[in-house]
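Right, one structure below, let's go through it.
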Amino acid sequence: MTRFFQQQGRALLANGYLIVPITPGHKRPALPNWQHSRLGATDLSNYPDHGVGILCGQGANPICAIDIDTTDPELAQRFTTWCQDNIGPTCERIGNAPKILLAYRAADDGWSKAASAWFEDEFEDRHRVEILGRGQQFVVYHIHPDTQQPYEWVDLFGGLEYMRADSLPIVTQAQITQALAVFEQMAAEAGMHQVKGGASTFQSTTADDDPLMSFEPAVGIALSEVKKALSYINCHDYDTWLRAGMALHHEYGADIAALDAWDEWSATAPNYQGREDLEKRWASFGQSGRSPATVRWILKAGKQALRVVLRTEKRQGMDELKLLIDRCDDGMVLLDEVAAIARQVISETPELRPEVVAAMRSRYRQVTGVALPAADLTRALREPTPPTVKARRPLTEFGNAERMLDKYGQGLMYVPELAAWHCWTGVYWRRALDVEVEHMAKETVKALVQEIEDHPEPAEFFKFCAVSQQAKMVRNMVTLAQSDPRVNVPARELDKHAHLLGVANGVVDLRTGELLEPDPDLRITKVAGCNFDPAATCPLFQRTVAEVFNDDLDMVSFFQRLVGYAAMGQPTQDVMVIPHGNGSNGKSTVLGAIRMAFGDYARSADANTFVSDGRGGNAGGAREDLLRLKGARFVYVNEPDENSELREGSVKAMTGGDAITARGLYSRDTVEIMPSWVVFMPTNHKPIVKGSDNGIWRRLMLLPFTRNFESDPTIKKDPEREAKLTAEREGILAWVVQGALAFQRDGLATVGAVREAGESYRSQMDILSEWLEECCEVDPLFREESSALWRSWEQYAKSRGLLMYVKNSVSLGRRLDARFPALKLPGGKRMRAGLRIRADFDDLV
1 MTRFFQQQGR ALLANGYLIV PITPGHKRPA LPNWQHSRLG ATDLSNYPDH GVGILCGQGA
61 NPICAIDIDT TDPELAQRFT TWCQDNIGPT CERIGNAPKI LLAYRAADDG WSKAASAWFE
121 DEFEDRHRVE ILGRGQQFVV YHIHPDTQQP YEWVDLFGGL EYMRADSLPI VTQAQITQAL
181 AVFEQMAAEA GMHQVKGGAS TFQSTTADDD PLMSFEPAVG IALSEVKKAL SYINCHDYDT
241 WLRAGMALHH EYGADIAALD AWDEWSATAP NYQGREDLEK RWASFGQSGR SPATVRWILK
301 AGKQALRVVL RTEKRQGMDE LKLLIDRCDD GMVLLDEVAA IARQVISETP ELRPEVVAAM
361 RSRYRQVTGV ALPAADLTRA LREPTPPTVK ARRPLTEFGN AERMLDKYGQ GLMYVPELAA
421 WHCWTGVYWR RALDVEVEHM AKETVKALVQ EIEDHPEPAE FFKFCAVSQQ AKMVRNMVTL
481 AQSDPRVNVP ARELDKHAHL LGVANGVVDL RTGELLEPDP DLRITKVAGC NFDPAATCPL
541 FQRTVAEVFN DDLDMVSFFQ RLVGYAAMGQ PTQDVMVIPH GNGSNGKSTV LGAIRMAFGD
601 YARSADANTF VSDGRGGNAG GAREDLLRLK GARFVYVNEP DENSELREGS VKAMTGGDAI
661 TARGLYSRDT VEIMPSWVVF MPTNHKPIVK GSDNGIWRRL MLLPFTRNFE SDPTIKKDPE
721 REAKLTAERE GILAWVVQGA LAFQRDGLAT VGAVREAGES YRSQMDILSE WLEECCEVDP
781 LFREESSALW RSWEQYAKSR GLLMYVKNSV SLGRRLDARF PALKLPGGKR MRAGLRIRAD
841 FDDLV
């Protein structure tokens, strides 16, 4: 039994929504005249097993929903991001992924349904966006009839259960028109074609209508190819089975071979009714005057099913390999015969390498009682090369470079984009000092004398030995070695496995919390601040976190998930964290302990990277500040000065999921960096945010630190606390890993205190609203000259010391654009629609 209507329905009513009960097992309302229903709290118990829906386009807060009806996950995500950035961040509902619904508040009531044109991909799947208005509803909480899983709200707000109707972003008809056009453009860019006769804002068929479509010609593909695709598809589902028959009939008509193919495939189902049943259905196909889906659908469904089969086969191969590893009781056999099979598995599925490595190392230790050196396992898993006769290196600078790599190459790596050498420590790749590599070059020169027997001309050889000891020869040896493919590794290969966290005693798989052995082929260049021990504890740190958040367990759990999310190295939530509070609130102590546990994965950043310092930019210049962040996961920003202005462009760039470019101080080449970090910028003074667009505000997560330990008599200050926390760093690292596992299990799930702090912050920065309320009158019929509005704002802002927020008429115009359209009258006069300056303005200032 579900209680969606009773439980979530009560919260929705309290938040100002008009609700309707949804029939169990369906998406339709349970009331006959549901469009005009007005249910209250007394009605909740009347529908115990029902889902709950929301009426659109009615009431004090008319709800408008953007229903993204596409099976293309990339198109769905791209359009969702556009809506969040350009219309406003809002609640996102998923029923049958990747289809998404976004909830907004219409600027006016009475809107009717609108929709984009239908688009069709190469497999005949159809895609469009529908705008739900008056006379429609959408399901909010229920069991989806197709997936048999609950509808999910996947946004940071927590869904409409936690979002008041009057807090939803307002969407205008102009924005809806633009959104439909943007979707159609994105669909076309994705290679889809517009269905003939389709056009924006038209009434079209729904999923409950006749599934047959208008006439389509045959695709023209051999029956053997279709049968091959059909063999991968499960025919147990009735709709799938029937659609396949329709597609075959459409393509091959009366060809008995097509009917035979359908019969052969159908016979594999447990509910097969026999040839006679198929023949009756076959004869009925095409009598509607329209044609069914074509065999493109069979090809697509077959391809998808084949991918599942291949994944299953790869997993079976891995399971069989693990069984061989577990049964092997000899270390030499493990590194020889079993390793040969492991090489084949890895070559076919490279992403299984960490799992293979972990299994082989674990078994080797069990069999031999000693740890398997990483270099030995690397050699065992490397594809063998045909034996060659060792070549005599020439007496040249090239020859010396090759000699150096013969001797030291297995433990060296050169990254050209960073112009840096790295050396293998046995645990991770540490950035090497120039003098270290130079020392290797000198040792190579010293060892030259060992080759005397290989050279027929001793005099010439010793002369070369002497020349090789010159400083320029040593430098050239190092320079020439940089381009050797044995050591030359592109920057994109470094730390590319986001789910792996380097630690002092190996590698942690953050997907499972398991400790793996070090592996040089993983190209991990960073290491956390200590060993990883999953059983380690940190009672003082946990007590400190609880005290900082006033023993709010929800806040403590959220904070742990937030830090664990940062450790994952995949900042998909697009947020910048601003821990805020007045002094002596514990944020520096807590964040400092976390930085210590993150080790190399934590980086400090200058505040000027994220807030303005009053100086000009350095477009095209070196950005060492960004290069330092490559591969980081926890970025700690030094506290900005009071009245600093947020660099909104930088924040968006570093939290938008796209790569950024940077160049070293003395490097000619730029490096493309994919942000892997979450920024934490603790401050006692919140930075000024001039932008009012949702693209910036949805990225700012204010983390409130409200406790004051100086004035709180219940807390006894411990001057040794930081030293004690240092002793708990292994436990803190285990706490971080537990947070990563919790994030993967439960999501970020932002709590109310964080949402309220963010709303308060945004309200504080919306100083124009105070001016509009105090100095202007708002009405759709009003008009006002743009110059008069600027003079009014300038006078108001100067009297309150606020002119720094909106410094000129152009900036004011941009801030007003969203609500008050610009007008250009004959004669060049510029005005704004929807407001006017109050007649008593001078008396108010």
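Sequential numbering of the sequence shown, starting at 1, is according to the UniProt record's numbering. Just so you know, even glycine gets a beta-carbon here, dropped at the ideal spot from N, CA and C. Remember, predicted model here, so these are calculated numbers, not experimental data.
**Prompt:** Using a Cβ-Cβ cut-off of 6 Å (strictly less than) and excluding sequence neighbours within five positions of A190, which residues of its own chain qualify?
**Reply:** L75
**Prompt:** Looking at C-alpha atoms only, which residue of G110, D121 and K280 is the closest neighbour of K300?
**Reply:** D121
**Request:** Figure out for me which residue from V689, G583 and I578 has the closest Cα to the Cα of F634.
**Result:** I578
**Message:** Would V140 and V52 qualify as a contact pair, given that the criterion is a beta-carbon distance under 8 Å?
**Reply:** yes
**Item:** Own chain residues within Cβ distance below 7 Å of D840, not counting five before or after
**Value:** none
**Prompt:** Distance, Cα to Cα, H250 vs D277?
**Reply:** 18 Å
**Prompt:** Using the C-alpha atoms, what's the distance from E451 back to E639?
**Reply:** Approximately 60 Å, taken between the alpha carbons.
**Under 8 Å between C-beta atoms of I696 and E648** = In contact: I696 and E648 (Cβ atoms closer than 8 Å).
**First through last residue of the beta strand (DSSP E) which encompasses I422** = Going by the sequence as given, residue 422 is His instead of Ile. Segment A420 to W424, the beta strand (DSSP E) holding H422.
**Request:** Please report how far the alpha carbon of T2 lies from the alpha carbon of D552, in whole angstroms.
**Result:** 30 Å
**Asked** Thinking just about the alpha-carbon of each residue, which of V508, W421, L803 and H236 is nearest to the one in A481?
**Response** W421
**Prompt:** If you pair each beta-carbon of the segment 358-373 with each one of the segment 391-401, do three or more pairs fall below 8 Å?
**Reply:** Judged by Cβ distances under 8 Å, the segment 358-373 makes no contact with the segment 391-401, as fewer than three pairs qualify.
**Request:** Starting from A114, follow its DSSP beta bridges and name the residues at the other end.
**Result:** I131
**Request:** Would you tell me roughly how many angstroms separate the C-alpha atoms of L433 and I660, rounded to the nearest one?
**Result:** 27 Å
**Message:** Going residue by residue through the segment 621-660, where are the continuous alpha helix (DSSP H) segments of at least 4 residues, counting only ones entirely within it?
**Reply:** 624-627 and 648-655
**Prompt:** What is the rounded straight-line gap between the Cα of S604 and the Cα of V487?
**Reply:** 30 Å
**Message:** Using only the alpha-carbon positions, how far apart do F610 and R628 sit?
**Reply:** 15 Å
**Request:** State the Cα-Cα distance for the pair A607 and N684, rounded to the nearest angstrom.
**Result:** A607 and N684: Cα-Cα distance of roughly 13 Å.
**Request:** Ignoring anything shorter than 4 residues or poking outside the segment 549-602, list the alpha helix (DSSP H) runs there in chain order.
**Result:** 553-567 and 587-598
**Asked** Per DSSP, what kind of secondary structure is F841 in: helix, strand or coil?
**Response** Here F841 sits in helix by DSSP.
**Prompt:** Considering G739, what are the terminal residues of the alpha helix (DSSP H) in which it resides?
**Reply:** R729 to D746
**Request:** Enumerate, from N- to C-terminal direction, the unbroken beta strand (DSSP E) stretches of 3 or more residues contained entirely within the segment 751-835.
**Result:** 776-785 and 822-824
**Item:** Residues sharing a beta bridge with I68, DSSP
**Value:** I100 and V129
**Request:** May I ask you to report which of helix, strand or coil DSSP gives G266?
**Result:** According to the sequence shown, residue 266 is Ser rather than Gly. In this structure, S266 counts as helix in the three-state DSSP scheme.
**Asked** Start and end of the alpha helix (DSSP H) containing E92?
**Response** First-last for E92: E92 to I94, but that is the beta strand (DSSP E), not the alpha helix (DSSP H).
**Request:** Spatial neighbours of L494 within its chain, please: CB distance less than 6 Å, with the 5 preceding and 5 following residues excluded, ordered by chain position.
**Result:** R523 and T525
**Prompt:** With a Cβ-Cβ cutoff of 8 Å, do residue 846 and A734 count as a contact?
**Reply:** Beyond the ends of the chain as shown, which are 1 and 845, falls residue 846; an answer cannot be given.
**Request:** Specify the secondary structure class of Y162 as computed by DSSP and reduced to three states.
**Result:** helix
**Request:** Compare the Cα-Cα distances from E774 to each of L352, R836 and P713 and report the closest residue.
**Result:** R836
**Prompt:** So, is D574 buried or exposed, given that buried needs 16 or more other C-beta atoms within 10 angstroms?
**Reply:** By the C-beta density criterion, D574 is buried, having at least 16 other C-beta atoms within 10 angstroms.
**Prompt:** For D766, which residues from the same chain have a beta carbon less than 8 Å from its beta carbon, with the 5 sequence-adjacent residues on both sides left out?
**Reply:** S692
**Asked** Going straight from the alpha carbon of Q149 to that of I341, what length do you get?
**Response** 40 Å
**Prompt:** Within this structure, are the beta carbons of D125 and Q58 separated by less than 8 Å?
**Reply:** no
**Message:** Let's see if you can read the secondary structure: which residues bound the beta strand (DSSP E) around V508?
**Reply:** G506 to D509
**Message:** Can you tell me where the beta strand (DSSP E) holding Q470 begins and where it ends?
**Reply:** Element bounds for Q470: n/a, residue is neither H nor E.
**Request:** Compute the Euclidean distance between the alpha carbons of R379 and A229, then round it to the nearest angstrom.
**Result:** 41 Å
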